[in-house]
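Here this note's numbering = 1-based position in the sequence shown + 643.
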Amino acid sequence: MDNLDNILNEVYKIKPYRNYFNITRFEYRGDADYGEVTQKCTDAIVKHFEKHFNQDTIFYDLGCGLGKMVMHIGLQYNPKKSCGIELSKERIRCGFDLKDKYCKDNNIISFIEGSFFENDISDATVVYCDNQAFREELLPQIIDILPKNCLFICRKPHKDIKMEEVDDKKLKTTYFKTKIFYLIK
644 MDNLDNILNE
654 VYKIKPYRNY
664 FNITRFEYRG
674 DADYGEVTQK
684 CTDAIVKHFE
694 KHFNQDTIFY
704 DLGCGLGKMV
714 MHIGLQYNPK
724 KSCGIELSKE
734 RIRCGFDLKD
744 KYCKDNNIIS
754 FIEGSFFEND
764 ISDATVVYCD
774 NQAFREELLP
784 QIIDILPKNC
794 LFICRKPHKD
804 IKMEEVDDKK
814 LKTTYFKTKI
824 FYLIK
């Protein structure tokens with residue numbers, strides 16, 4: 644476990660601003676805003692939804708940024724699959740670098756560069772999305788592509804979608820949000 648703790652500490656120390664600074668321009672927004680979950684936040688999310696995290700879990704982080712949460716869940720919680728999808732080629736490069744450095748032969752952890760709308764996530768059992776900087780109309784579109792019985796966790800609710808709220812200081816992001824919203828499709 645000491646080695647895992649060391650790896651996770653190193654992973655979460657990586658900053659998104661030097662080697663992995665986003666210069667990809669997104670059609671709808673320009674340069675996207677950026678914030679991250681913390682190590683404690685990832686642990687708190689898994690603990691809160693512990694019955695959904697097990698050896699059968701197929702986890703996706705939509706807009707995974709540097710891939711820290713994907714690595715953390717894949718290494719510590721032994722899911723069937725932990726996959727990050729990211730549109731920014733600079734940010735997703737970090738996920739590829741982390742996998743190469745810490746778990747090159749691990750078939751559980753994977754990263755995909757591209758749009759989550761253009762990739763098949765029909766096997767998902769748990770999906771996380773930090774949608775804080777997403778356009779409001781994307782949330783219903785994301786929920787539409789989720790499979791039945793999938794746990795969906797996000798940071799910003801939609802006014803027309805009924806979601807449960809959890810407010811806990813352990814859920815704090817780098818931009819100080821402590822709330823998550825969730826539903827089971």
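Even for Gly, the Cβ is constructed at its ideal location relative to N, Cα and C. Computed from a predicted model, the values in this text were never measured in an experiment.
**Request:** Tell me where the alpha helix (DSSP H) around D686 begins and ends.
**Result:** Q682 to H691
**Three-state class that DSSP yields for F754 in the structure shown** = strand
**Request:** Keeping to the same chain, check which residues put their C-beta closer than 7 Å to that of R672; ignore five residues upstream and five downstream.
**Result:** Only weak support exists for where R672 lies, its pLDDT of 45 falling under 50; the value from the coordinates is given anyway. Answer for R672: no residue qualifies.
**Prompt:** Cβ atoms of F702 and I716: under 8 Å apart, would you say?
**Reply:** yes
**Message:** I'd like to know if the region 790-807 and the region 765-772 are in contact, where contact means that at least 3 CB-CB pairs between them fall below 8 Å.
**Reply:** yes
**Request:** Specify the secondary structure class of C726 as computed by DSSP and reduced to three states.
**Result:** strand
**Request:** Flag this pair as yes or no: are the beta carbons of E808 and F824 separated by less than 8 Å?
**Result:** yes
**Prompt:** Hey, how far is the Cα of A675 from the Cα of E729?
**Reply:** In this prediction, A675 has a pLDDT of 48, which is less than 50 and means its spatial position is unreliable; what the coordinates show is noted afterwards. Rounded to whole angstroms, A675 to E729 spans 12 Å at the Cα level.
**Item:** CA nearest to the CA of E756, picked from C737, P783 and D648
**Value:** C737
**Request:** Below 6 Å CB to CB, which residues in the same chain sit around G678 once its five sequence neighbours on both sides are set aside?
**Result:** T816, T817 and Y818
**Prompt:** Hey, would you say K813 sits closer than 8 Å to C684, going by beta carbons?
**Reply:** yes
**Item:** Residue span of the beta strand (DSSP E) that contains F760, given as start and end
**Value:** Careful: F760 lies outside any beta strand (DSSP E) and carries neither H nor E.
**Span of the alpha helix (DSSP H) around D740** = K732 to Y745
**Message:** Taking only three categories from DSSP, how would you classify E808?
**Reply:** strand
**Prompt:** What are the start and end residues of the alpha helix (DSSP H) that includes K711?
**Reply:** K711 to Q719
**Prompt:** Since K804 and I788 are thought to touch, with beta carbons under 8 Å apart, how far apart are those beta carbons, to the nearest angstrom?
**Reply:** First, the amino acid is wrong: residue 804 is Ile here, not Lys. So it is not a contact: roughly 14 Å between Cβ atoms.
**Through-space distance from E761 to K690, alpha-carbon basis** = 30 Å
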